[in-house]
Amino acid sequence: MNNLPVVRSPWRILILVLGFTFLYAPMLMLVIYSFNSSKLVTVWAGWSTRWYGELFRDTA
């Protein structure tokens, strides 16, 4: 087995958290904005499932 000591420094944990935030925050924002009722992404018009209905009605 590997007998090297495990170093748990606060900097390594901070970098790990920042890295995961950098990767997963945009995906979370896409999920949240997918429920926007506006046609524009930059304008929040309220919660809606309209675009999911359009997706399932589209035959193409």
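For the sequence shown, UniProt numbering begins at 1 and goes up steadily by one. Built from N, CA and C at the ideal position, the CB exists for glycine as well. Here the structure is a predicted model, which means the values were calculated and not measured.
Review point. Name the DSSP beta bridge partners of Trp47, please?
Key: Taking the first residue of the sequence shown as position 1, residue 47 is located at position 47. Answer is Asn36.
Check your understanding: Are Phe35 and Thr49 closer than 8 angstroms when you measure CB to CB?
Key -> For this step, residue 35 is matched to residue 35 along the sequence shown. For this step, residue 49 is matched to residue 49 along the sequence shown. Cβ distance < 8 angstroms, so Phe35 and Thr49 count as in contact.
Practice item. Using a Cβ-Cβ cut-off of 8 angstroms, state whether Val7 counts as contacting chain D. Key: The question asks about chain D, but that chain is absent: this structure has only one protein chain.
Check your understanding: Who are the Cβ neighbours of Ser38 in its own chain at under 7 angstroms, not counting the five residues just before and after it?
Key -> Translated into positions along the sequence shown, residue 38 becomes position 38. Taken in chain order, the residues that qualify are Trp44 and Ala45.
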